[in-house]
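Enquirer: The sequence shown begins at 15 in the working numbering and counts up one residue at a time.
We put the CB at the ideal spot given by N, CA and C, even for glycine.
Structure below; questions to follow.
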Amino acid sequence: MTSLTPKQQRAEHVNQVIRIIADHGRRFFFSASQQRYASMEVDERGRVWFIDDHSGKRVYTHRTPWGGRWRGFTHGGTLRALVEEFREYIRTGKQLHPYYLGPERERLTDGNIWGYAPEEMQKVRELAGAIPVFRQQEQAP
């Protein structure tokens, strides 16, 4: 049995976060019609791929000389930006700021940009925020 590389371990952390996001609110990263969750994986050369929940396609997440189109990616720009941040965490180990979990609009009364209900967003932030993908909030003295 082989042990996981650090990148593979970080990909597993990201997949835990993806499942938490997918199990709450509007269920981003889960396709009800396909009964499938999105995921991320690292290939044998250390490159990071996103497996789309709806299309089932393996999407190359790195920049390429022939353009930045992610063929098979069925989510919008906000979630693509999050996936790019997940990729960088997997590649480098640099933790994300918890802000990436459902960023709030300029006026807090407008809610988060994901459109999750406040109580669902709070659950996502609590559960996913405890996973090493995200920097931990400093405890008050």
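1. Can you give the beta carbon distance from L96 to Y114, rounded, assuming they're within the 8 Å contact cut?
2. For I34, collect the residues of the same chain with a Cβ closer than 7 Å to its Cβ; drop the 5 residues on either side in sequence, then sort them by chain order.
3. Where does R59 sit, in a helix, a strand or coil, going by DSSP?
4. Determine the direct distance from the alpha carbon of R24 to that of Q150, and round the result to whole angstroms.
5. Identify the residues that DSSP records as bridge partners of E118: which are they?
6. In the DSSP assignment, what residue or residues form a beta bridge with F64?
7. CB-CB under 8 Å to T106, same chain, minus the five flanking residues each way: which ones, in chain order?
8. Between which two residues does the alpha helix (DSSP H) harbouring G90 extend?
Expert: Taking the geometry as given:
1. Between L96 and Y114, the beta carbon gap of about 6 Å places them in contact (Cβ cut-off 8 Å).
2. V138, L141 and A142
3. coil
4. 16 Å
5. N126
6. M54 and V73
7. none
8. Here G90 belongs to no alpha helix (DSSP H), and DSSP marks it neither H nor E.
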